[in-house]
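Every letter in the sequence shown is one number past the one before it in the working numbering, and letter 171, counting from 1, is 495.
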Amino acid sequence: MVLVSNPTPVVSSPTPGQTPTSQPLEASTQGPTSLPGVEDVMGVLRGVIDPELGSDIVELGMARGAVVQPDGLVEVNVALTTSGCPLRAQIQRDVRARVGNLPGVTKVKIHWSELTQEQKATAMAKARFNVSQNAPDTTVPTTTKVVMVASGKGGVGKSSITVNLAAELAQRKMRVGVMDADIWGYSVPRMLGVEGRLAGVEGEKKIVPNEKQVGAGVLEVVSMGFLVDKEETALMWRGLILNRAVKHFLEDVRWGQLDYLLIDMPPGTGDVQMGIAKMLPQAEMVVVTTPARSAQKVAARVASMGRSNYLRIAGVIENMSEFVDPQGNSYPIFGSGGGKELAEELGVSLWGQVPIDGSVATGGDEGTPTVLGQGSGPAAQALRQIADRLLEEIPKIDMAGCTARIFEAANEALANLEITAS
Ligand SMILES: Nc1ncnc2c1ncn2[C@@H]1O[C@H](COP(=O)(O)OP(=O)(O)O)[C@@H](O)[C@H]1O
Ligand SMILES: [Mg+2]
């Protein structure tokens, strides 16, 4: 029966005219950097979600194969449900960003086509199946951009950056989720000035996040701090529970229609990363580091763990950069250059440098992130620019004008098919 046929991605051979090598994917002999395999490319493409259909483009049969050329050019074949859909730009960006992020890739070329009626029907059936049978893996909307804020070690300002970016996005009229996955060292509730136990939803086994209104925007916050009475209790929890708690936050929390979900990751630890990568393949990672060389090394390790889980590294943020006194003299207290070097090493961009600024610490203690306070300090300014960068690099999904069209077309295709197939 046509509807359940599995759209196995076609892995085509190099385009005619090019000298085919016996092993075009293993070009490690060509240079110092080895190239990714087709399976790595397909692996990262699983992180590209069609926001409309709610599944990844490999699963939906929209990613129809890839070719890795010896010079690092990766050609990807993508078939859309409807060509000319505004989501094309979104998918294009995601494919480029994710594939381009693989080590050794020099260029990404996308060959576009449109799914045939039959393939479209298959994709729809898959999407429906996922929705009905496979109970969605998470309660995070597929239209939500997920950003993991990670660091190699604690104390680099990961939580401060998470809450400030979240607050800044909310201030710009967005609905932003903050998930405090740093189960042992949670600090998000205090830093955002949000408290109170999490409430359940009547009749459903779901938890509602605590909310904080920020101007016209909203923060939805979930933290271990809302579930335990004392910090010491959380400290006694061990790894297994840690993973379970994170899973719980993604499966059982009734998140609203978030534009962004920022996750304050526990430092290091690949297993939490892996768990999140599995449940939210669309997640992307930003790595926070201090200017010190030693910090750069551990941060690089956390990034490489991310990559091995097919997570895209979207950028680097340097925190605790030079302190500038009112006279304009600068003091590189924690060293300098670490952020830039890390970004270069990872082949991603440095989103910005947040200077040492007392308002970050006082804002955190008072529950008002510095970007919400007077907001004129050097750190607040830097954080605002970093929020601009985030919006550029991980743009919010705009669904307007797409939904009805695709569903109509696909439903029509499906109806036709059911008639002819019977
Ligand atoms: N740019 C900064 N300037 C001054 N103090 C900072 C800055 N960033 C973070 N801090 C302070 O450093 C400490 C550690 O930051 P935190 O965000 O809790 O780090 P992490 O989450 O990585 O452990 C906190 O007391 C915080 O207020
Ligand atoms: Mg923290």
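Every residue, glycine too, gets a C-beta built ideally from N, C-alpha and C.
Given the structure is predicted, the values throughout are model-derived calculations rather than measurements.
Short CB-CB distance (under 8 Å) between residue i and chain C
{"i": "K450", "result": "In the structure shown, chain C cannot be found, because there is only a single protein chain."}
Cβ neighbours of residue i in the same chain (closer than 6 Å, five flanking residues each side left out)
{"i": "V432", "result": "V398, R420, V423, G424"}
{"i": "I587", "result": "M472, M503, A505"}
{"i": "D722", "result": "none"}
{"i": "T468", "result": "L582, L585"}
{"i": "Q393", "result": "none"}
{"i": "Q709", "result": "G676"}
{"i": "S746", "result": "Low local confidence applies: a pLDDT of 43 at S746 is under 50, so the model's placement there is unreliable, with the coordinate-based value given in what follows. Around S746: no qualifying Cβ."}
{"i": "R370", "result": "D380, V382, P605"}
{"i": "A474", "result": "M589, M609, V611, V626"}
{"i": "S352", "result": "Residue placement at S352 is flagged as unreliable, the pLDDT there being 37, under the threshold of 50; a coordinate-derived value is accordingly withheld."}
Cβ-heavy atom distance, residue i to ligand 2, below 7 Å
{"i": "G509", "result": "yes"}
{"i": "K482", "result": "yes"}
{"i": "G478", "result": "yes"}
{"i": "D722", "result": "no"}
{"i": "D506", "result": "yes"}
{"i": "D583", "result": "no"}
{"i": "D374", "result": "no"}
{"i": "D588", "result": "yes"}
Residue from the options with nearest C-alpha to residue i
{"i": "K482", "options": "R499, V500, V512", "result": "V512"}
{"i": "P656", "options": "A667, N643, E665", "result": "N643"}
{"i": "A704", "options": "T486, I507, Q537", "result": "T486"}
{"i": "A451", "options": "I373, K469, H435", "result": "I373"}
{"i": "R521", "options": "V545, K602, G371", "result": "V545"}
{"i": "V480", "options": "R496, G509, Q606", "result": "G509"}
{"i": "P719", "options": "R708, A413, V362", "result": "A413"}
{"i": "S547", "options": "N401, P702, G541, E535", "result": "E535"}
{"i": "L426", "options": "V542, A601, Y634", "result": "Y634"}
{"i": "T613", "options": "D595, V640, P590", "result": "V640"}
{"i": "L715", "options": "A474, I434, E608", "result": "E608"}
{"i": "E589", "options": "K602, V611, M603", "result": "Reading off the sequence, residue 589 comes out as Met, not Glu. It is V611 whose Cα lies nearest to the Cα of M589."}
{"i": "R625", "options": "L670, V362, P605", "result": "L670"}
{"i": "D418", "options": "R514, S484, R636", "result": "R636"}
{"i": "P615", "options": "S632, S645, A601", "result": "S645"}
{"i": "R631", "options": "N653, V672, G652", "result": "V672"}
{"i": "V538", "options": "A638, H572, G697, L707", "result": "G697"}
{"i": "T686", "options": "N567, S484, I507", "result": "S484"}
{"i": "N401", "options": "I415, V368, G428, H435", "result": "H435"}
{"i": "G428", "options": "E717, S628, A601, P360", "result": "P360"}
{"i": "M629", "options": "G527, L707, Q597, A706", "result": "Q597"}
{"i": "H572", "options": "E519, P650, I507, E526", "result": "I507"}
{"i": "E519", "options": "E526, G527, L551", "result": "L551"}
{"i": "M603", "options": "G527, F453, V470", "result": "V470"}
Cβ distance (whole Å) where residue i is taken to contact residue j below 8 Å
{"i": "L674", "j": "G663", "result": "5 Å"}
{"i": "V570", "j": "G592", "result": "Going by Cβ atoms, the distance from V570 to G592 rounds to 14 Å, so no, they are not a contact pair."}
{"i": "D395", "j": "T430", "result": "6 Å"}
{"i": "A619", "j": "G478", "result": "No, A619 and G478 are not in contact; Cβ-Cβ is about 11 Å, not under 8 Å."}
{"i": "P375", "j": "T466", "result": "5 Å"}
{"i": "T446", "j": "G385", "result": "6 Å"}
{"i": "Q495", "j": "V684", "result": "Not confirmed; about 16 Å, so no contact."}
{"i": "L666", "j": "A623", "result": "6 Å"}
{"i": "R617", "j": "G659", "result": "7 Å"}
{"i": "E717", "j": "A638", "result": "5 Å"}
Distance cut-off 7 Å: residue i Cβ against heavy atoms of ligand 1
{"i": "I637", "result": "no"}
{"i": "I680", "result": "yes"}
{"i": "G688", "result": "yes"}
{"i": "S475", "result": "yes"}
{"i": "V684", "result": "yes"}
{"i": "A667", "result": "no"}
{"i": "A703", "result": "yes"}
{"i": "N643", "result": "yes"}
Sequence-distant residues of the same chain with beta carbon closer than 8 Å to residue i, five excluded per side
{"i": "D576", "result": "T463, K529, K530, I531"}
{"i": "E438", "result": "A403, L404, T405, T406, S407"}
{"i": "T339", "result": "Because T339 carries a pLDDT of 37, less than 50, the predicted location of this residue cannot be relied on, and the following value inherits that uncertainty. Hits under 8 Å: V391, E399."}
{"i": "P702", "result": "V648, P679, D681"}
{"i": "G541", "result": "L493, A494, Q495, R496, K497, M498, R499, V500"}
{"i": "W579", "result": "T463, V464, P465, T468, G501, P533, E544, L585"}
{"i": "R514", "result": "G549, G688, D689, G691"}
{"i": "G524", "result": "K530, I531, V532"}
{"i": "N567", "result": "D595, V596, G599"}
7 Å CB neighbourhood of residue i in its chain, flanking five on each side removed
{"i": "I366", "result": "According to the sequence shown, residue 366 is Met rather than Ile. Once the five neighbours on either side are set aside, the close Cβ partners of M366 are P333, V382, A387, A390."}
{"i": "A711", "result": "L489, E492, L493"}
{"i": "T692", "result": "G517"}
{"i": "P377", "result": "The amino acid occupying residue 377 in the given sequence is Leu; Pro does not appear at that position. Excluding sequence neighbours, L377 sits near L384, A447, A451."}
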